[in-house]
Structures are given as C-alpha cells and as structure tokens.
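Heads up: the sequence shown begins at 50 in the working numbering, then just goes up one per residue.
Don't be surprised by glycine CBs; every beta carbon is placed ideally from N, CA and C.
Inspection log for the structure reproduced underneath, given as structure tokens.
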Amino acid sequence: GKKGRSSSCDPLDEHTTVVTSPPEDEDCCICCEKLNQPSGYGEGKPEANIVVKLDKCKHMFHKLCLQAMYESGAKNGCLQCPTCKTIHGEKHGNCPQGLMEYHRLPQPLTSYEGCQTIQILYHISPGVQGPEHPHPGKRYSCRGFPRVCYLPDNERGRKVLKLLTVAWKRRLTFTIGMSTTTGEGDTVTWNEIHHKTEFGSNHSGHGYPDPNYLDNVLMELAVQGVTENDL
Ligand code: NAD
Ligand code: ZN
Ligand code: ZN
C-alpha cells in the first residue's frame, strides 16, 4: 500500500487493492453473497462485481459492501476490517478542544518506588457541540477538569506517555456523551483508554498498585490504532 499520511478523504481508495480474479468459494462477510457474484448492495450497479482486499489483513469484500459499511459508520477517517477488526488508517475521535500537559514529580508511585512519576493534566472547558458530536449546537459540560493522571517515569511509562500524546492529538482521549459515573448527559467523558487518576491511594480502582496497568493501556491504545509504529 501507499505510505505516509494522505489528505485523501476516502480511506477505501487509500487502504484497499482491487482483486482481479476473486476466489469462487469465498463469501463476502458483509452481504453474505459469493465474492464472484455481484454485491448484495449492488442493485445492478456496474461496479457491483468489484472485489477489493484490505492492504494490511488481506481480507476481501465487495467494494460496494465495504463502502456501504464505511458510509454507515462513524466515518472517522479509518477503515476497520469487519472480519478481524484490523484498523487501516488513523482513527480520529471527537474529543473537544483542550490542552494536554505533563510534569515530573519527584515522589514515586506505590509499587514503582525506584523511579519518579509523570503527572498528566488534561484541560477541557465547556462549549458547544460540533457536527461530530451527539447533539450539534447543544452545550456540553466538563466535570472534574483539569483531570490529573499518573504514570511511572520509567521506560515503559514514558512510552505510554508518548502514545497517550498521539491519542490526544487524534482526539481519542475523551468524548461527549453520558457519564456512567454521574448519569449526566452531554458531558465530556473518558473514552476507552484508561488513565490512573489517583496518586498515593486506590479508592476508585483507578490508582496504583496495578501490575497490569501499563500492559492494559498499551492494549487499549492498540485497539484505537495507536501503536509503537506511530512513534
Ligand atoms: P464515565 O463514568 O462515563 O466512565 C468512562 C470510563 O472512565 C470508564 O472506563 C471508567 O472505568 C473510567 N473511570 C471511571 N472513574 C474513573 C476515575 N476516577 N479515574 C479514571 N477513570 C475512571 O467517565 P467520566 O464521566 O469521565 O467519569 C470518570 C471519573 O471522572 C469519575 O469517576 C470521577 O472520578 C471523575 N469525575 C470527577 C468529577 C468531579 O467533579 N471531580 C466529575 C465527573 C467525573
Ligand atoms: Zn458483499
Ligand atoms: Zn481483516
């Protein structure tokens, strides 16, 4: 496939290749028709027989089926394989405007006594929802900002910090919706990437010690398409 960042707004063109002789014995898992038969979304369109394969995972679909899937989804600039979930392209979220900053604290976190601590602060202020949000034009609230989070200042912690920075730039860290903690709607909430918000205690379960945290957050970042390849 093509390398580098493209300004193309069609991830289908960017991340698929046309298959010239589709296999006879395989189905398109989107429309359940055979790949060598027209797309179930074809309706007599001339391109109904075009089959494409995703560049990374090589899974094959009718072009029209994959297009219909993308159009009906979040249209977030990337294409996720419906078979194996591999993300093609960069996933972008709808985190509102704000600021991410970090500092070093000399005190260690429980269970990371050998090193200092990275403190991350996220600042987001209330505003009006844009077209990418659930209720465009309506206001959103921000509770508990700046939100303050902690990582051990060791090699793995610094790697997580870099990846969290990539996630922030791609607007993946927070979203707007209903808070499961408070039940409030149209508010800024964490979005699928866990952060440790307690230092020196663990009342909420979002503190230390948690020997699996760095592994878990690396996995959550990877699910969002943020990996070491982005550094
Ligand atoms: P949420 O309650 O909708 O949950 C979204 C995700 O955040 C879930 O995965 C959940 O596990 C995780 N999460 C829940 N509590 C967390 C915490 N204390 N630290 C880190 N992650 C947490 O998300 P939300 O509305 O963003 O609320 C999450 C937390 O944010 C609240 O529990 C609270 O600690 C904090 N918050 C503080 C205030 C405040 O006024 N100080 C207001 C709202 C939320
Ligand atoms: Zn199909
Ligand atoms: Zn796949």
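According to the neighbour-count rule (16 or more other Cβ atoms, all chains shown, within 10 Å of its Cβ), is residue i buried or exposed?
i	result
Lys140	buried
Ala216	buried
Ser88	buried
Val67	exposed
Lys124	exposed
Under the assumption that residue i contacts residue j (Cβ atoms under 8 Å), give the Cβ distance between them as a whole number of angstroms.
i	j	result
Cys144	Thr224	6 Å
Met109	Pro71	7 Å
Gly142	Asn278	With a Cβ gap of about 19 Å, Gly142 and Asn278 do not count as contacting.
Met149	Thr236	With 8 Å as the limit, Met149 and Thr236 do not qualify as a contact, their Cβ atoms being about 19 Å apart.
What does a CB cutoff of less than 8 Å around residue i pick up in its chain, not counting 5 residues either side in sequence?
i	result
His243	His255, Tyr262, Asn265, Val266 and Glu269
Cys133	Cys106 and His108
Between the beta-carbon of residue i and the beta-carbon of residue j, is there less than 9 Å?
i	j	result
Thr69	Cys106	no
Leu113	Thr65	no
Leu61	Gln116	yes
Arg188	Ile167	no
Pro180	Ser190	no
Gly226	Pro183	yes
Gln156	Phe248	yes
Thr276	Leu221	no
Glu73	Asn85	yes
Glu233	Arg192	yes
Asn203	Tyr151	no
Is DSSP giving residue i helix, strand or coil here?
i	result
His64	helix
Ser190	strand
Cys198	strand
Gln168	strand
Leu212	helix
Tyr151	strand
Gly206	helix
Gly274	coil
Leu280	coil
Asp104	coil
Gln116	helix
Met227	coil
Asp264	helix
Among the residues of its own chain, which have a CB less than 7 Å from the CB of residue i, if the five just before and after it don't count?
i	result
Gly274	Cys127, Ile136, Glu139 and Lys140
Gly186	Val177 and Gln178
Val209	Leu200, Leu263, Val266 and Leu267
Who are the near neighbours of residue i in its chain, counting only those whose CB is closer than 6 Å to its CB and skipping five residues on each side?
i	result
Lys52	Unreliable positioning characterises Lys52 in this predicted model, as indicated by a pLDDT of 39, which lies under 50. A coordinate reading is not provided.
Val101	Thr65, Val67 and Lys112
Gln146	none
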